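The opening position of the sequence shown corresponds to residue 3 in the working numbering, with each subsequent residue numbered one higher.
Every residue, glycine too, gets a C-beta built ideally from N, C-alpha and C.
Owing to the predicted nature of the structure, the values given are computational and were not obtained by experimental measurement.
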Amino acid sequence: MLNLKAKDFVAALSSKEPVPGGGGAAAYVGSLGMALGLMVGNLTVGKKKYQDVEADIVEIMKKGQLIIDRLNELVQEDAEAFYPLSQAYGLPKNTEEEARIKEETLQKALVKASLVPLEIARYCAQAIELHEELAVKGSRIAISDVGVGVALVNAALKGAKLNVLINTKIMKDLELKQKIESELLELERVYTAKADQIFAKVEELITGGEKG
C-alpha cells in the first residue's frame with residue numbers, strides 16, 4: 003500500500019473499496035508520528051548541548067526506526083486481513099448451508115482482522131514511550147515536533163482500538179474476544195493518558211518559553 007504515491011494512497015482511502023481502510027490509516031499515522039520523533043532525534047544528535055544524552059537518543063532512534071518499519075508493514079497487513087472479511091460479509095445466506103458457511107468464514111476472518119489492529123496498538127504504545135523520553139532529552143528547537151508526533155501516535159492508537167472492537171463485537175470465540183479486548187483496553191488506559199501528559203508537557207515547554 004505504501005508503495006503508492008501519497009496522493010494515490012489518499013485517493014484509494016477515500017474510495018468505496020474496502021482497502022485501505024481505518025486500520026491501515028491508523029498504522030500510517032502512527033508511522034508518521036514516530037517519524038517526527040526520529041526527526042527530533044536527528045536534530046539532537048551531534049549537538050554539543052545534548053552530548054550527555056546522545057547515546058540515549060541514538061538508541062531511541064534505533065528503536066523508533068523498527069517501529070516505523072513495523073507500522074509500515076501493518077498498513078499492508080491490515081489490508082490483507084480485512085479483505086477476506088469484507089468478502090465474507092458478502093457471502094449469500096439463502097439456505098441453512100450457505101448461512102453456516104458464511105458464519106464460519108466470517109468468524110475465521112474476524113480473528114486476523116482483530117489481531118492486526120491490536121498489533122498496531124502495541125507498536126503505537128511503544129512509540130509513545132519513546133516520545134516520552136524525547137520530550138525530556140530531545141532538542142528544544144524541535145520540541146513542538148515531539149508534541150505533534152505523540153498526538154499522531156495517540157490518534158493512531160485510538161483508531162486501532164476502534165478497528166479491533168468493531169470486529170471482536172461479533173466474535174463468537176468468547177475466550178479470544180476477552181483476551182484481545184483486555185489487552186487492548188489496558189493499552190488504551192495506560193498509553194492514551196501518557197500521550198496526553200507528554201503533549202501537555204510539550205505545550206508547557208513551548209508556552210513557558212524554554213530556549214535551546
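| Item | Value |
| --- | --- |
| Cβ-based neighbour list, E121, same chain, cut-off 7 Å, excluding 5 preceding and 5 following | L76 |
| Buried versus exposed call for V138 [16 or more other C-beta atoms within 10 Å across all chains shown] | exposed |
| Short Cβ contact (9 Å threshold) for L167 with L189 | no |
| Outcome for K213 when other beta-carbon atoms lying within 10 angstroms are tallied against a minimum of 16 | Any answer about K213 is weak, because its pLDDT of 48 lies below 50 and its placement is not dependable; what the coordinates show is given next. By the neighbour-count rule (16 or more Cβ atoms within 10 Å), K213 is not buried but exposed. |
| Where D2 sits in the DSSP three-state scheme | A query on residue 2 cannot be resolved here, the shown segment of the chain reaching from 3 to 214 and no further. |
| Check whether Q109 and I69 have beta carbons under 9 Å apart | no |
| Per-residue DSSP class, three states only, for N96 | coil |
| Separation of L45 from R142, as counted between CA atoms | 9 Å |
| Straight-line Cα distance separating G140 from I62 | 10 Å |
| CB of I200 within 9 Å of CB of G149, strictly | yes |
| Local Cβ density within 10 Å of P94, reported as buried at 16 or more and exposed below that | exposed |
| Of the residues L117, T97, A90, V113, the one placed nearest K104, counting alpha carbons only | A90 |
| Selected residue, minimal CA-CA separation from K64, among L132, M173, Y52 | L132 |
| Rounded separation between I208 and L136 - CA only | 15 Å |
| Straight-line gap, K18 to Q67 (C-alpha atoms, nearest Å) | 32 Å |
| Straight-line Cα distance separating L164 from V113 | 15 Å |
| For G210, the three-state DSSP class (helix, strand or coil) | coil |
| Spatial neighbours of L40 in its chain, beta-carbon cut-off 8 Å, leaving aside the 5 residues before and after | M63, G66, Q67, I70 |
| T97 versus E106 - alpha carbon distance | 14 Å |
| CB contact flag (V42, L154, <9 Å) | no |
| Simplified DSSP assignment, three categories, for N169 | helix |
| Collapsed DSSP secondary structure at D175 in the structure displayed | coil |
| DSSP-derived helix/strand/coil call for V21 | coil |
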